[in-house]
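**Student:** Pasting a structure here, questions to come.
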Amino acid sequence: MARILALTDSAEDVRHFCRGDELFLFRIGLLPPREHSPERFEEIYRTLKASCDLSTIDVIVAEYVEALPLLYLMRRDGYLCPALMIPHTNPYPLHILFYFLLLAEHPHPADLVVCGSRNAQRAYEHLTGIRAGDICTFGIKDLYRRKDRAESRRRLGLPPDHTILLYTGRFMNDKGLEPLLAGYERLRDERPRTLLAMSVTHIDPPYYNRLAARLRDVVLFHRLEKERTVDLYNAADLFVSGATSIFETYGKSPLEALACGIPVVVPRWDGFPYFIGEEQGGLVDVEYLSRPQANPYEFARMDDEHFAQVCRKVLDRGQPPPDGVPEWATYERSTRVLTGVIERMAAAGRTRTPPVASSPLATGRYPAPVRAVLAHHGLRETEDLFAKAGALGLLNGTLHPDEALLRDLHHEVFKTMDAETADVRGPRT
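This is the structure we're talking about:
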């Protein structure tokens with residue numbers, strides 16, 4: 003029986019794919035940016051070591067980017083076992099990239115990054131050299147299903163005679179909400195009985211305040227209960243998003259909408275084209291920018307005029323998407339695949355190695371934009387990616403690198419993930 007350490011706050015999900023194994027849970031969740039520092043992670047690591055005999059662990063499940071520094075600290079101390087990494091993000095911006103480079107410098111041959119699309123898989127392997135798999139993270143549960151539209155609208159107090167567009171997700175500056183609202187305004191000018199509903203979880207107050215005047219014709223829900231979220235999907239005519247997000251690899255919200263029988267309009271970006279075609283809705287053109295948009299890492303923007311055109315086309319077509327989500331995106335399938343991954347990792351075994359000393363970075367194996375960022379900040383040793391990057395403010399976001407460096411890095415990441423030049427709609431692994 004394998005002994006598995008799960009650095010996670012998704013205990014129920016992890017138990018589904020670690021069946022029959024001895025499972026130790028250490029809670030780690032999202033940390034605010036200001037807490038991304040070597041000192042904070044060393045503090046968490048001391049608590050972890052006090053709660054578990056790390057020398058007995060066979061496999062680590064590391065969820066969220068916050069778990070990655072802990073995994074590095076384990077390897078620095080000589081605890082080397084394979085890790086299943088579930089970061090819920092692309093290998094960008096800098097703090098995420100640095101965490102992965104730390105692990106690339108101290109790898110286990112059975113390590114695997116779980117990401118949601120073949121595009122993200124290519125990006126991880128191209129930028130870091132760490133093996134990745136296009137596995138839908140935890141999948142879509144059968145809670146998301148078709149319900150009666152009129153009844154769902156009644157429960158939520160939404161008007162029965164409007165065309166309702168729906169956005170769900172964070173109200174933050176990586177979600178492309180400005181072009182989304184601009185496209186919605188275009189559509190509403192032509193079709194006044196159109197209404198945008200937004201169900202948001204985390205809200206960035208300065209960003210919200212900047213957009214507040216444009217929300218007068220928007221219905222906003224905050225932290226809606228899961229069952230009511232299912233009603234909201236069913237109340238909508240169309241799911242929409244403007245996200246050219248640097249953090250996501252495929253997006254669960256569009257899949258949840260499809261499970262409820264709602265067509266989807268999203269940017270032609272990242273993993274979206276993997277499962278959105280004419281039958282499922284429509285894709286919107288995206289333009290690359292010479293300067294960042296809503297934040298220092300955002301160099302792409304959805305075309306709001308094309309967004310309105312695609313929404314009109316899908317709404318006028320009036321055809322619901324095929325029933326359900328693709329088989330690869332179901333909860334049952336993703337947990338079954340992850341069970342097999344854990345079994346193979348356990349079979350690979352752990353090794354006890356001497357503590358890892360800081361050593362020169364093997365920069366020659368990384369793409370030129372990655373090398374440029376490292377050179378610009380004088381990051382030459384493995385420990386520099388943690389201690390020096392933290393001291394410089396590169397982990398907590400208080401220091402933003404040169405804009406040209408960020409642009410080149412952004413385009414290197416997303417050029418690798420370009421759905422336009424890849425076969426993204428073939429069978430998944």
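For the sequence shown, our numbering gives the first residue as 3, with consecutive numbering after it.
Cβ atoms here follow ideal geometry from the backbone N, Cα and C, with glycine treated the same way.
1. Using DSSP with H/G/I as helix, E/B as strand and the rest coil, what is Leu-394?
2. So within the region 47–87, which uninterrupted alpha helix (DSSP H) runs reach at least 4 residues, ignoring any that extend past its ends?
3. By Cβ distance below 6 Å, which residues in the same chain neighbour Val-312 in space, the five residues on each side in sequence not counted?
4. Put Ala-261 into one of helix, strand or coil per three-state DSSP.
5. When you compare the region 139–153 with the region 207–224, are there three or more beta-carbon pairs, one atom per stretch, that lie closer than 8 Å?
6. Does the region 199–209 come within contact of the region 325–334, defined as at least 3 CB pairs closer than 8 Å?
7. Going by the CB atoms, is the gap between Arg-270 and Val-242 shorter than 9 Å?
8. Output the distance between the C-alpha atoms of Leu-167 and Pro-40, rounded to the nearest integer angstrom.
9. I'd like the ranges of any beta strand (DSSP E) spanning at least 3 consecutive residues and lying wholly in the region 210–245.
10. Here's the rule: buried if 16 or more other CB atoms are within 10 angstroms of the residue's CB, otherwise exposed. What is Ser-53?
11. With burial defined as no fewer than 16 other Cβ atoms inside 10 Å of the residue's Cβ, what is the status of Gly-185: buried or exposed?
12. Is the CB-CB distance between Leu-394 and Leu-401 below 9 Å?
13. List the DSSP bridge partners of Phe-26.
14. Under the rule that 16 or more other beta-carbon atoms within 10 Å means buried, what is Glu-414, buried or exposed?
15. Indicate the three-state DSSP secondary structure (helix, strand or coil) for Arg-354 in the structure shown.
16. For His-90, does the three-state DSSP call read helix, strand or coil?
17. Which ranges would you report for the alpha helix (DSSP H) in the region 94–163 if only whole runs of at least 4 residues count?
18. Identify which residue in Cys-117, Arg-155, Leu-7 has its Cα closest to the Cα of Tyr-252.
19. The beta strand (DSSP E) that contains Gly-399, what's its start and end?
20. Excluding the 5 residues flanking Asp-410 on each side, which residues of the same chain have their C-beta closer than 6 Å to its C-beta?
21. What are the boundary residues of the alpha helix (DSSP H) that includes Leu-179?
22. Under 6 Å Cβ to Cβ from Asp-386, same chain only, skipping five residues before and after it: list those, please.
23. By how many angstroms is the C-alpha of Phe-19 removed from the C-alpha of Asp-176?
24. Mind checking who Tyr-290 pairs with in its DSSP beta bridge?
25. Let me know the secondary structure DSSP gives Val-16 once reduced to three states.
26. Tell me whether the beta-carbon of Ala-349 lies closer than 9 Å to the beta-carbon of Glu-107.
27. Given 8 Å as the limit, tell me if Glu-227 has its C-beta closer than that to any heavy atom belonging to the ligand MG.
28. Compare the C-alpha of Arg-457 against each of Asp-233, Val-67, Arg-314 and name the closest.
29. Assuming contact is defined by CB atoms lying nearer than 9 Å, are Gly-31 and Asp-11 in contact in what I supplied?
30. Would you tell me roughly how many angstroms separate the C-alpha atoms of Val-67 and Ala-389, rounded to the nearest one?
31. Taking the straight line between their C-alpha atoms, what separation do you get for Thr-64 and Leu-73?
32. Would you tell me roughly how many angstroms separate the C-alpha atoms of Asp-305 and Ser-292, rounded to the nearest one?
33. Kindly list the residues whose CB is nearer than 7 Å to the CB of Val-343, restricted to its own chain and excluding five residues on each side of it in sequence; keep chain order.
34. With burial defined as no fewer than 16 other Cβ atoms inside 10 Å of the residue's Cβ, what is the status of Asp-325: buried or exposed?
35. Quick one: give me the first and last residue of the beta strand (DSSP E) that Val-202 is part of.
36. Going by beta carbon distance, what residues of the same chain come within less than 7 Å of Leu-183, once the five residues before and after it are set aside?
**Tutor:** Based on what the coordinates show:
1. Mapped onto the sequence shown, residue 394 falls at position 392. Helix.
2. 69–78
3. Locating residue 312 in the sequence shown gives position 310, counting from the first residue. These residues qualify, in order along the chain: Val-267, Gly-284, Val-286.
4. Along the sequence shown, one-based indexing puts residue 261 at 259. Three-state DSSP puts Ala-261 in a helix.
5. no
6. no
7. For the purposes of this step, residue 242 is identified with residue 240 of the sequence shown, where counting begins at 1. For the purposes of this step, residue 270 is identified with residue 268 of the sequence shown, where counting begins at 1. Cβ atoms of Val-242 and Arg-270: not closer than 9 Å.
8. Stepping through the sequence shown from its first residue, residue 167 is reached at position 165. Stepping through the sequence shown from its first residue, residue 40 is reached at position 38. Cα to Cα, Leu-167 sits roughly 43 Å from Pro-40.
9. 220–224, 240–242
10. The residue labelled residue 53 in the question sits at position 51 within the sequence shown. The residue is exposed, with fewer than 16 neighbouring Cβ atoms inside 10 Å.
11. Residue 185 sits at position 183 when you count from the first residue of the sequence shown. Gly-185 should be labelled buried.
12. In the sequence shown, counting from the first residue as 1, residue 394 sits at position 392. In the sequence shown, counting from the first residue as 1, residue 401 sits at position 399. Yes, the Cβ-Cβ distance between Leu-394 and Leu-401 is below 9 Å.
13. Numbered from 1 along the sequence shown, position 24 holds the residue referred to as residue 26. DSSP lists Leu-7 as partners of Phe-26.
14. One-based indexing of the sequence shown puts residue 414 at position 412. When all chains shown are included, Glu-414 counts as buried.
15. The sequence position of residue 354 within the sequence shown is 352, counting from 1. Residue state, collapsed to three classes: strand.
16. Your numbering for residue 90 matches position 88 in the sequence shown. If DSSP states are grouped into helix, strand and coil, His-90 belongs with coil.
17. 96–107, 120–129, 151–158
18. Counting from one through the sequence shown, the residue named residue 252 turns up at place 250. Looking at the Cα atoms, Cys-117 is the closest of the given residues.
19. Numbered from 1 along the sequence shown, position 397 holds the residue referred to as residue 399. Element bounds for Gly-399: n/a, residue is neither H nor E.
20. Here residue 410 is taken as the residue at index 408 of the sequence shown, counted from 1. Excluding residues within five positions, the ones whose Cβ falls inside 6 Å are Pro-371.
21. On the sequence shown, position 177 is the one that residue 179 refers to. 179–192 is the extent of the alpha helix (DSSP H) around Leu-179.
22. Position 384 of the sequence shown, counting from 1, holds the residue named residue 386. Cβ neighbours of Asp-386 beyond the five flanking positions: none.
23. As a first step, residue 176 is located in the sequence shown; it is residue number 174 there, counting from the start. As a first step, residue 19 is located in the sequence shown; it is residue number 17 there, counting from the start. Taking the straight line from one Cα to the other gives about 31 Å.
24. For the purposes of this step, residue 290 is taken as the residue at position 288 of the sequence shown. DSSP output for Tyr-290 lists Ala-302 as bridge partner(s).
25. As a first step, residue 16 must be located in the sequence shown, where it is residue number 14. If DSSP states are grouped into helix, strand and coil, Val-16 belongs with the helices.
26. Taking the sequence shown and counting its residues from 1, the one referred to as residue 349 is at position 347. Taking the sequence shown and counting its residues from 1, the one referred to as residue 107 is at position 105. Not in contact: Ala-349 and Glu-107 (Cβ atoms no closer than 9 Å).
27. No copy of the ligand MG appears in this structure; indeed no ligand is present at all.
28. The requested residue 457 is not part of the displayed model; the chain covers only 3 to 431.
29. For the purposes of this step, residue 31 is taken as the residue at position 29 of the sequence shown. For the purposes of this step, residue 11 is taken as the residue at position 9 of the sequence shown. In contact: Gly-31 and Asp-11 (Cβ atoms closer than 9 Å).
30. Working through the sequence shown from its first residue, we reach residue 67 at position 65. Working through the sequence shown from its first residue, we reach residue 389 at position 387. Their backbone Cα atoms lie some 17 Å apart in a straight line.
31. As a working note, residue 64 is residue 62 in the sequence shown. As a working note, residue 73 is residue 71 in the sequence shown. According to the sequence provided, residue 64 is Ala. The question's Thr does not apply to it. C-alpha separation (whole angstroms): 7 Å.
32. Taking the sequence shown and counting its residues from 1, one reaches residue 305 at position 303. Taking the sequence shown and counting its residues from 1, one reaches residue 292 at position 290. Looking at the two C-alpha atoms, the distance is approximately 15 Å.
33. Against the sequence shown, residue 343 aligns to sequence position 341. So the list reads Leu-86, Leu-114, once near-sequence residues are dropped.
34. The sequence position of residue 325 within the sequence shown is 323, counting from 1. Looking at its Cβ environment, which holds fewer than 16 other Cβ atoms inside 10 Å, Asp-325 is exposed.
35. Taking the sequence shown and counting its residues from 1, the one referred to as residue 202 is at position 200. Unbroken beta strand (DSSP E) run through Val-202: 196–205.
36. By 1-based counting over the sequence shown, the position of residue 183 is 181. Excluding residues within five positions, the ones whose Cβ falls inside 7 Å are Leu-213, Arg-216.
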